[in-house]
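For the sequence shown, the positions run -29 to -1, 1 to 157 when mature numbering (1 follows the signal peptide of the UniProt record, and there is no 0) is used.
Note that beta-carbon positions come from the ideal geometry of N, C-alpha and C, so glycine has one too.
In this text the structure is predicted, and so the values were computed from the model without any measurement.
See structure below.
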Amino acid sequence: MCSCRIKSIVFISCCLLTVLTAWSTPLIASDFVLVSPDFQNGKSLPVWSVMKAAGGENLSPALEWSNPPEGTRSFALAVIDEHPVARRWVHWLVVNIPADVRSLKRGASLKAMPDGATELRNSYGFIGYGGPQPPPGTGPHRYVFTVYALDVETVTVPESPDADEFEKAVKPHVLGTAKLIGIYER
């Protein structure tokens, strides 16, 4: 066989393998996604979601997530202010959200959480959601809402963890994360 024919066969085989591989994967990736009907990603949080002292009602925004990774046995939620002045201020931490739950409604914190879910102490010092209340004049603050898909039904976290302690506790069990960013400034 001439080398040209061998090269042609190898080339056609590689092309065929590429096509078959492409067909064996989904045409549309099923990404783990977090959204809110109350605000758009990268946009301002609603005033009612901020602390009462900052003029709001301190209501947790509604959250909806979809397409978690296969093997998800529970979810965890963190809301962290990533602004340098805030130094990763914890606004809301929740663990042990059952795997069949795909949303939290507006104002769910302390009132309408799913059975089994556990809210932890935030940086304000109380359990549950604590809305934005950034120091005036510090510019826009980024509030990162993260839902973690976990490979365990329950995860043990200290009752009053800081952001790093929380992440250290859930990290060994994370199958995937979905993020949503809200902005607030006073």
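| Query | Result |
| --- | --- |
| State the start and end residues of the unbroken alpha helix (DSSP H) segment that holds residue 138. | 134 to 141 |
| Would you mind stating whether residue 197 and residue 116 have Cβ atoms separated by less than 8 Å? | Within the shown structure, residues of the chain are numbered from -29 to 157, placing residue 197 beyond reach of any answer. |
| Can you tell me whether residue 23 is helix, strand or coil according to DSSP? | helix |
| Identify the continuous beta strand (DSSP E) that holds residue 64 and give its terminal residues. | 60 to 69 |
| If you reduce the DSSP assignment to three classes, tell me which class residue 112 lands in. | strand |
| For residue 49 versus residue 137, is the C-beta spacing smaller than 8 Å? | yes |
| What residues are listed by DSSP as bridge partners for residue 43? | Residue 43 pairs with nothing; no bridge assigned. |
| Does the contact criterion of 3 or more C-beta pairs under 8 Å hold for the segment 108 to 124 versus the segment 38 to 54? | yes |
| Count the other C-beta atoms from every protein chain shown that fall within 10 angstroms of the C-beta of residue 47, then say buried if there are 16 or more, exposed otherwise. | buried |
| Roughly how many whole angstroms lie between the Cα atoms of residue 86 and residue 3? | 23 Å |
| Use the C-beta contact count for residue 11: other C-beta atoms within 10 angstroms, 16 or more gives buried, fewer gives exposed. | exposed |
| If you run the structure through DSSP and keep just helix, strand and coil, what is residue 126? | coil |
| Sort 88, 70 and 100 by Cα distance to residue 28 and report the nearest one. | 100 |
| How long is the line joining the alpha carbons of residue 205 and residue 41, rounded to whole angstroms? | Any question about residue 205 goes unanswered here, given that the chain covers just -29 to 157. |
| When the Cα of residue 93 is compared with those of 106, 75, 135 and 119, which residue comes out closest? | 135 |
| Who pairs with residue 4 in a beta bridge, going by DSSP? | 37 |
| For my contact list, residue 119 and residue 148 are in at a C-beta cut-off of 8 Å; report their separation, rounded to the angstrom. | 5 Å |
| The beta strand (DSSP E) with residue 95 in it runs from where to where? | Premise fails: residue 95 is in no beta strand (DSSP E) and is neither H nor E. |
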